[in-house]
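See below for the structure under consideration.
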Amino acid sequence: MTITPRIYPLDPRDLTEEQIAVTFAMTSRRPEPFDEIAGVVTTEKAADFHERWVLNYGHASVAEHAIIHMAIENISRLACDTLEDNRLASYTEKSSRYQVIDCGYYHIPKELEGNPALHAIYLETCDALFETYRRMVEGIIKHLRTVRPRQERERDGAYSLRLRREATDSARFILPAATLTNVGVTMNARSMEHAISKLLSSDLGEEVALGNELRDQARNITPTLIKYADYNDYMVA
Numbered sequence: 116m117t118i119t120p121r122i123y124p125l126d127p128r129d130l131t132e133e134q135i136a137v138t139f140a141m142t143s144r145r146p147e148p149f150d151e152i153a154g155v156v157t158t159e160k161a162a163d164f165h166e167r168w169v170l171n172y173g174h175a176s177v178a179e180h181a182i183i184h185m186a187i188e189n190i191s192r193l194a195c196d197t198l199e200d201n202r203l204a205s206y207t208e209k210s211s212r213y214q215v216i217d218c219g220y221y222h223i224p225k226e227l228e229g230n231p232a233l234h235a236i237y238l239e240t241c242d243a244l245f246e247t248y249r250r251m252v253e254g255i256i257k258h259l260r261t262v263r264p265r266q267e268r269e270r271d272g273a274y275s276l277r278l279r280r281e282a283t284d285s286a287r288f289i290l291p292a293a294t295l296t297n298v299g300v301t302m303n304a305r306s307m308e309h310a311i312s313k314l315l316s317s318d319l320g321e322e323v324a325l326g327n328e329l330r331d332q333a334r335n336i337t338p339t340l341i342k343y344a345d346y347n348d349y350m351v352a
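Note that the working numbering gives residue 178 to position 63 of the sequence shown, counting from 1, and the numbers run on in steps of one.
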């Protein structure tokens, strides 16, 4: 008898991420094909499986089969770096290489609210950096027009865009770590739980707030697998 390979997707439109994770986990103990296993794994059974095996017995690798896509907007580059400092994940961030960053587009920490003098210095510094960035972009573009001639058949719009991209790529390094950004994140539930715990264990208010919001949103997708994401004494130490 010839047994041929079968390769097919389990559609997240038909199954929750937790159901998919359980279906893959059960193949270690059940001989049926994946699609047959998936047919008997209800949402309730998936939650019960994760409660028993992932949370109580520590089989955390099962959570790596549950995938979470999270859109995150208007966080500081500093908080974004903390979020992105996690393995087994994919990130696509708003590019300061290709986009001109508007003046005033920066995070103001709530920690400064109790210190008016420091708050004023912070705003003054960020505003000065953004204004310098704006003038640098304009100045570099002006200079590039003298050393980067327009190519044959290159339209005005394409030429201007090419110069602007070179200018923003050169000037972006003066922007502060408080500069805001957007990032798209694709991460499995195990990595997400770790990332959330890391954020919640930060000494920065913005990162703690980000961790809380990520936890709330992720629990809508994988309520069981993100259940114990929390402040972690070991990470703090």
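Here a beta-carbon is modelled for each residue, glycine too, at the ideal position from N, C-alpha and C.
Counting along the chain, no beta strand (DSSP E) covers residue 201, and no H or E run does either. Taking a cut-off of 8 Å on C-beta distances, the region 225–235 does not touch the region 303–315, as fewer than three cross pairs fall below it.
Counting only runs of 3+ residues, no beta strand (DSSP E) is found wholly inside the region 206–272.
In this structure, residue 294 sits near residue 192, with a CB-CB distance shorter than 8 Å. By DSSP's assignment, residue 286 forms no beta bridge with any residue. In the DSSP assignment, the residues bridged to residue 190 are 296. If you draw a 10 Å sphere on the C-beta of residue 151, you find fewer than 16 other C-beta atoms in it, and that means exposed. Beyond the five residues adjoining it in sequence on each side, residue 292 comes within less than 7 Å, by CB distance, of 191, 192 and 193 in the same chain, given in chain order. From the listed residues 297, 302, 249 and 146, the smallest Cα separation to residue 288 is found for 249. Around the Cβ of residue 233, a 10 Å sphere holds fewer than 16 other Cβ atoms; the residue is exposed. Per DSSP, the unbroken alpha helix (DSSP H) holding residue 135 starts and ends at 132–141. When DSSP states are grouped into helix, strand and coil, residue 303 belongs to the strand group. Within the DSSP bridge table, the entry for residue 184 names 301 as partners.
With respect to residue 325, residue 340 sits apart: the two C-beta atoms are not nearer than 8 Å.
The beta carbon of residue 333 is closer than 6 Å to those of 183, 307 and 341 in its chain, skipping five residues each way along the sequence. In the three-state scheme derived from DSSP, where H, G and I count as helix and E and B as strand, residue 318 is classed as coil.
Residues of the same chain with a CB within less than 7 Å of the CB of residue 345, apart from the 5 flanking positions on each side, are 312 and 315 in chain order. Cβ contact annotation for residue 296 (same chain, cutoff 7 Å, sequence separation greater than five): 190, 192, 195, 208 and 209, in chain order. A Cβ-Cβ separation of about 7 Å places residue 121 in contact with residue 148 under the 8 Å criterion. Ranking 247, 202 and 279 by CA distance to the CA of residue 258 puts 279 first.
With a threshold of 16 other beta carbon atoms within 10 Å, residue 241 meets it and is buried. Measuring C-alpha to C-alpha distances from residue 137 to each of 328, 181, 299 and 197 identifies 181 as the nearest. Collapsing the DSSP output to three states places residue 347 in coil. Less than 8 Å separates the beta-carbon of residue 337 from that of residue 132.
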